[in-house]
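S.K.: My structure is below; once you've seen it, I'll send some questions.
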Amino acid sequence: MTWTDIGAVTDVPLRGARLVKTHAGCIAVFRTAEDEVFAASNACPHKQGPLSEGIVHGQKVTCPLHNWVFDLNTGEAQGADEGRIAVYPVRIEAGRILLEISALQNRSAA
Amino acid sequence: MKQKLVVIGAGMASGRVLEHLRERAPDQYDITLFNAEPRGNYNRIMLSPVLSGEKTYAEIVTHDDDWYAQNEISCRFGEHVVGIDREAKTVTGQNGTVGYDKLLIATGSAPFIIPVPGKDLPGVISYRDLDDTNAMVEASAKGGKAVVIGGGLLGLEAAAGLALRGMEVTVLHLMGHLMERQLDEAAGYLLKKDLEKRGITVLTKAATKAILGEDHVEAVLLEDGTVLDADLVVMAVGIRPETRLANDAHLDVARGIEVNAQMMTSDPDVLAVGECVELDGQLFGLVAPLYDQAKVVAATLTGEEAAFVPKELSTKLKVTGCDLFSAGDFAEGEGREDVVFRDPSRGVYKRLVIEGDRLVGAVMYGDTADSNWFFGLIKNGTDIAEMRETLIFGPAYQGGGQADPLSAVAALPPEAEICGCNGICKSTIVNAIEGGATDLGAVKATTKASASCGTCTGLVEQLLQVTLGDGFEMPTAQPVCGCTDLSHEDVRRLIKSQELKSQEAVWQELGWKTVNGCHTCRPAVNFYLLADWPLDYTDDPQSRFVNERNHANIQKDGTYSVMPRMWGGMTTPQELVAIAQAAEKYGATVKVTGGQRIDLLGVKKEDLPAIWADLNAAGMVSGHAYTKGLRTVKTCVGSDWCRFGTQDSTGLGIKLEKRLWGSWTPHKVKLGVSGCPRNCAEATCKDIGIVCVDSGYQIGVGGAAGMDVKEVERLVDVPTEEEAIEWTVAFVQLYRENAKYLDRAYKWLAKVGLDWVQEVLADPAERAALVDRFDLSQSVYQTDPWAERARPEVAQSFQPLADFTLEAAE
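Line by line, the protein sequences give chains A and B.
Throughout, our numbering is defined as the position within the first sequence, counted from one, plus 227.
Throughout, our numbering is defined as the position within the second sequence, counted from one, plus 6.
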């Protein structure tokens, strides 16, 4: 496990997201109203909409392009839409966000 | 031979250790007890009732002098320990040294003092011990104003106590809602409301910049420049473990003194207990785990096996009349689900967090009667699959049942205004229904409610249903989304009549079924709140679609388009040069739009603040081409150049654009001003289109050239430019205040009727009031969003949080 400090929790707006660039593609780091953080692929499987720009509600995000909704725990698309985004281990320690990046190194951008 | 035990600190944890020790092995140790406070152990948790006057100090003493004497404990109270010598096994106090075989450190915690200027002024106190409490009681005797910094458990208890003692209290809290570690936003909102009912002012997102005063505190200055007068400042922002002695003695110390499960520090002859310890990275601030630790300490000291295992914790606030409870955790995890219950009429909110078939967290406000039952389910990890359906109703309620979707309307007070057009309140309508008006038409006919613009129709129908019960068949109204059963029109009316001024107020009072809405309702509610309460509500960017949050239009490849404003379609060579330079610098594609402006396409998100700064420097502001707000005012050259022009259409267009820009509207608003009926500005297919004629100005509204093509309908003809502007502004405000979110003007007009709009606007007083309200809103919202976001500290948020592609390339 390689936990890497990517920034302060407060760098991500409440009910919002920020982007992390990696060789395996962009990752969106979300912060909910309850101060939980989640990390998931930034690209919507539908038309590659940037999920970090979506509206965060509860533990879900809505894609800004065509309103697909994903559960940030599982990455599963909700409702009638079918698809899944990759989710990544992330945790908060002393106000910092730690992302587990071993899965993201040594992998070419798919 | 008796061993020697020295205890540093006479607090609740060490007090409990001493009790256990004397029970288990009364003769094993000679005990010396140091305490910096000049007194023995008292129930620190009950300081709040002492502060509020509900209890006295004598009532909260747990160990009095007799107890210490009977248990043969040599007390050195009021004496600070100055050092520990682990090699010599001695502890040195201000009045001399004593040796030990075993040492117990129980130094507790110290208040965290925020490092602002003025923190040491007389009149600034923390809230930890009896001396602090007495100081507050004394200060409050003179009355005056108190500012409590910190809206956590301690701060709120201090605030409530000071308010009971007659002080005017303001609580400052850095975060968005009170007690954010124990409560979610919804419960935090209810708590704030209850405190405000007691006359306590609560300011959230309030950062203290300095405490002001000469030789005594006089005021508190906030980061936003607000100055609050204060005769007393209570600092209650948090605590940190008191580890100085342990540090000096070179014990292992992280945030707290590190101990193992036997409560031993890195030196096996030195134990520690209470708020000063850290176990596996965890600190302990509530009394339950401290008592568990005390048991383990006593066992370890008497040579028995025991281990401390942290358990689930619950929190209750000791403010009489504020019933809240929280337990477990709401942190992220796969497959967690919320069950939310709200009863607006009783001010009740309950939220359960379920993972798999287990309850893992609970927050309750207003009704905490079942909290112990829920806490038991969390602690025991009970399988709740069988009772999941009815779980939130508590142990007594296993018969199923639905929350009443009509409860929000039923809960309205009789004087609540239902029909804003005609000023009809709830009781009038209910009286009419009870008097025989049993359908919508009859209510309209007898009360005039919903007889004008019709946006309160849904509410009137709900009143019919509440009053008549099954005797009334409800027509199906389209709810906003799955989060509520209310329609847009209902939500708008209720925001106005119940004076709901925050998202939390809407979620709670209108019984929302989700924690904080969804992508459908949240942007709508955000707009309704800012349109109705421009001074009270702050626009929430996180409730906006991407374009309005980033102030640029996202394109299908994730880049953005940038469009500066060109007032009335007029520009200058200097502006064109600046646009050309910006296009080259940021690699943008240039497109001339139908709204008489220039669009720069393909700009990367990271570059947005920079291109905005460049365009700002040339005197240009955002064109808001991305908003549900004022877009463009298209004009022809008018009487300035055109041989047919009857009026200065360009000049009027520029005046209108300068007046209206920056305003948020239910949907986009496009204007056109043509200088003659040849209509070169295509004004008659705009939301508002003005056609100049010799005798004045023809104002048309409700045009569109999108999915539907609509020609404007004539609102009014006016003789002067001044009146044309007044009518236009008043129309925009009427639309802002009444339309459903995402209804273009023509759709709204189809619902309320042009007749109604004309009737309202024909009244000069009403027109003036609408214009005033519009201008008030503009005083907040007519600012250039680009300039705000081009500032370096804000621009940073447009960059990636981290970039691992750069690192690996090196």
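Just so you know, even glycine gets a beta-carbon here, dropped at the ideal spot from N, CA and C.
Can you tell me whether B:Glu515 is buried or exposed, with buried defined as 16 or more other CB within 10 angstroms of its CB?
M.R.: As a first step, residue 515 of chain B is located in the second sequence; it is residue number 509 there, counting from the start. Looking at its Cβ environment, which holds 16 or more other Cβ atoms inside 10 Å, B:Glu515 is buried.
S.K.: Which whole-angstrom value describes the C-beta separation of B:Ala242 and B:Val154, a residue pair presumed to lie in contact below a C-beta threshold of 8 angstroms?
M.R.: Numbered from 1 along the second sequence, position 236 holds the residue referred to as residue 242 of chain B. Numbered from 1 along the second sequence, position 148 holds the residue referred to as residue 154 of chain B. At roughly 6 angstroms, the Cβ-Cβ gap stays under 8 angstroms, so B:Ala242 and B:Val154 are in contact.
S.K.: Identify the residues that DSSP records as bridge partners of B:Arg498: which are they?
M.R.: Here residue 498 of chain B is taken as the residue at index 492 of the second sequence, counted from 1. According to DSSP, B:Arg498 bridges with nothing at all.
S.K.: Check each residue of the region 291 to 312 of chain A: if its Cβ is closer than 7 angstroms to any Cβ of chain B, include it; give the result in chain order.
M.R.: Pro291, Asn294, Asn300 and Thr301
S.K.: Cβ closer than 8 angstroms: which chain B residues qualify as neighbours of A:Val239?
M.R.: Indexing the first sequence from 1 puts residue 239 of chain A at position 12. Here the neighbours are Leu807.
S.K.: Checking contacts by CB at 8 angstroms: is B:Cys682 closer than that to chain A?
M.R.: As a first step, residue 682 of chain B is located in the second sequence; it is residue number 676 there, counting from the start. So no, B:Cys682 is outside the interface.
S.K.: Can you list, in chain order, the residues of its chain with a C-beta nearer than 6 angstroms to that of B:Tyr1? Leave out the 5 residues immediately preceding and following it.
M.R.: Residue 1 of chain B falls outside the range modelled here, since chain B spans only 7 to 816, and no answer is possible.
S.K.: Which complete alpha helix (DSSP H) runs does the region 716 to 750 of chain B hold, if anything under 4 residues is left out?
M.R.: 727 to 744
S.K.: Quick one: what's got a C-beta closer than 7 angstroms to B:Gly702's C-beta in the same chain, skipping five residues either side?
M.R.: The count along the second sequence starts at 1 and reaches residue 702 of chain B at position 696. The residues are Asp723, Val724, Pro725 and Thr726.
S.K.: Where does B:Lys502 land, buried or exposed, given buried means 16+ other C-beta within 10 angstroms?
M.R.: Counting from one through the second sequence, the residue named residue 502 of chain B turns up at place 496. By the neighbour-count rule (16 or more Cβ atoms within 10 Å), B:Lys502 is buried.
S.K.: For the alpha helix (DSSP H) containing B:Lys661, name the first residue and the last one.
M.R.: As a working mapping, residue 661 of chain B is identified with position 655 in the second sequence. Start and end: Ser655 to Leu666.
S.K.: When DSSP labels each residue in this structure, what does A:Pro240 get in the three-state scheme?
M.R.: By 1-based counting over the first sequence, the position of residue 240 of chain A is 13. When DSSP states are grouped into helix, strand and coil, A:Pro240 belongs to the coil group.
S.K.: Quick one: list the residues of chain B neighbouring A:Gly204, beta-carbon separation under 9 angstroms, in chain order.
M.R.: Nothing can be reported for residue 204 of chain A: it is not among the residues displayed for chain A, which extend from 228 to 337.
S.K.: Listing by chain order, which chain B residues have their CB less than 8 angstroms from the CB of A:Ala260?
M.R.: Position 33 of the first sequence, counting from 1, holds the residue named residue 260 of chain A. Per Cβ cutoff of 8 angstroms: Asp190, Glu191, Val521 and Asn522.
S.K.: Quick one: what's got a C-beta closer than 8 angstroms to A:Ala235's C-beta in the same chain, skipping five residues either side?
M.R.: What you label residue 235 of chain A is simply residue 8 of the first sequence in a count that begins at 1. Within the same chain, A:Ala235 has close Cβ partners Gly322, Arg323 and Ile324.
S.K.: Quick check on B:Val315 - is its C-beta less than 8 angstroms from some C-beta in chain A?
M.R.: To locate residue 315 of chain B, count along the second sequence from 1; it is residue 309. No, B:Val315 does not count as interfacial toward chain A.
S.K.: Could you give the C-beta distance for B:Tyr35 and B:Leu11, rounded to a whole number, given that I count them as a contact under 8 angstroms?
M.R.: Numbered from its first residue, the second sequence carries residue 35 of chain B at position 29. Numbered from its first residue, the second sequence carries residue 11 of chain B at position 5. B:Tyr35 to B:Leu11, Cβ: 4 angstroms. Contact.
S.K.: Go through its chain and collect everything with a Cβ distance to B:Pro401's Cβ below 8 angstroms, but skip five positions before and after it.
M.R.: For the purposes of this step, residue 401 of chain B is identified with residue 395 of the second sequence, where counting begins at 1. So the qualifying residues of the chain are Asp376 and Trp379.
S.K.: With distance defined between alpha-carbon atoms, name the residue in B:Leu474, B:Gly280 and B:Phe478 nearest to B:Phe314.
M.R.: Walking along the second sequence from the start, residue 314 of chain B turns up at place 308. Distance from the Cα of B:Phe314 is smallest, within the candidate group B:Leu474, B:Gly280 and B:Phe478, for B:Gly280.
S.K.: I want to see whether chain B comes within less than 8 angstroms of A:Arg245, judged by CB atoms only; does it?
M.R.: The residue you call residue 245 of chain A lines up with position 18 of the first sequence. Taking Cβ atoms only, chain B reaches closer than 8 angstroms to A:Arg245, which makes this a yes.
S.K.: Between the region 345 to 356 of chain B and the region 271 to 287 of chain B, are three or more C-beta pairs nearer than 8 angstroms?
M.R.: no
S.K.: Could you say which of B:Glu440, B:Arg30 and B:Ala455 lies nearest to B:Cys425 if we only look at CA atoms?
M.R.: Counting from 1 along the second sequence, the entry for residue 425 of chain B is found at position 419. Per the Cα distances, B:Ala455.
S.K.: From the beta carbon of A:Thr289, is the nearest beta carbon of chain B less than 8 angstroms away?
M.R.: Mapped onto the first sequence, residue 289 of chain A falls at position 62. Yes, its Cβ sits closer than 8 angstroms to a Cβ of chain B.
S.K.: Would B:Gly517 count as contacting chain A if we go by Cβ distances under 8 angstroms?
M.R.: As a first step, residue 517 of chain B must be located in the second sequence, where it is residue number 511. With 8 angstroms as the cut-off, B:Gly517 does not count as an interface residue toward chain A.
S.K.: Thinking C-alpha only, which one of B:Lys519, B:Phe551, B:Leu228 and B:Met626 is nearest A:Asn294?
M.R.: As a working mapping, residue 294 of chain A is identified with position 67 in the first sequence. For A:Asn294, the nearest C-alpha among the options comes from B:Phe551.
S.K.: Enumerate in chain order the residues of its own chain whose CB-to-CB distance from B:Ala305 is below 6 angstroms, with the five nearest sequence positions on each side excluded.
M.R.: As a working mapping, residue 305 of chain B is identified with position 299 in the second sequence. Excluding positions up to five away in sequence, the list reads Ala312.
S.K.: Give the DSSP-derived three-state secondary structure of B:Arg649 in the structure shown.
M.R.: Taking the second sequence and counting its residues from 1, one reaches residue 649 of chain B at position 643. Residue state, collapsed to three classes: coil.
S.K.: Going straight from the alpha carbon of B:Met270 to that of B:Lys519, what length do you get?
M.R.: The residue given as residue 270 of chain B occupies position 264 in the second sequence. The residue given as residue 519 of chain B occupies position 513 in the second sequence. B:Met270 and B:Lys519: Cα-Cα distance of roughly 49 angstroms.
S.K.: Taking 8 angstroms as the threshold (beta carbon to beta carbon), is B:Phe331 in contact with chain A?
M.R.: As a first step, residue 331 of chain B is located in the second sequence; it is residue number 325 there, counting from the start. No - not a single Cβ of chain A is within 8 angstroms of the one on B:Phe331.
S.K.: By DSSP's criteria, B:Asp349 is part of a beta bridge. Which residues make up the other side?
M.R.: Counting from one through the second sequence, the residue named residue 349 of chain B turns up at place 343. According to DSSP, B:Asp349 bridges with B:Val354.
S.K.: Can a CB atom of chain C be found closer than 8 angstroms to the CB of A:Leu331?
M.R.: No chain C appears in this structure, whose protein chains are A and B.
S.K.: Extract the residue ranges of the beta strand (DSSP E) inside the region 130 to 190 of chain B, only unbroken runs of 3 or more that lie entirely within it.
M.R.: 130 to 132, 151 to 155 and 174 to 178
S.K.: Contact criterion: CB-CB distance below 8 angstroms. Does B:Ser549 meet it with respect to chain A?
M.R.: Residue mapping note: residue 549 of chain B aligns to position 543 of the second sequence, counting from 1. By this cut-off, B:Ser549 is an interface position.
S.K.: So is A:Arg339 in contact with chain B if we call contact Cβ pairs under 8 angstroms?
M.R.: No information on residue 339 of chain A is available, as it lies outside the stretch 228 to 337 that chain A covers here.
S.K.: Note down, in chain order, each residue of its chain lying with its Cβ closer than 8 angstroms to the Cβ of A:Lys274, except the 5 sequence neighbours on either side.
M.R.: On the first sequence, residue 274 of chain A is found 47 positions in, with the first residue counted as 1. If you ignore the 5 residues before and after A:Lys274, its C-beta comes within less than 8 angstroms of the C-beta of Leu292 and His293, all in its own chain and listed in chain order.
S.K.: Residues of chain A with CB closer than 8 angstroms to the CB of B:Gly182, please, in chain order.
M.R.: Along the second sequence, one-based indexing puts residue 182 of chain B at 176. What B:Gly182 touches in chain A: Leu241.
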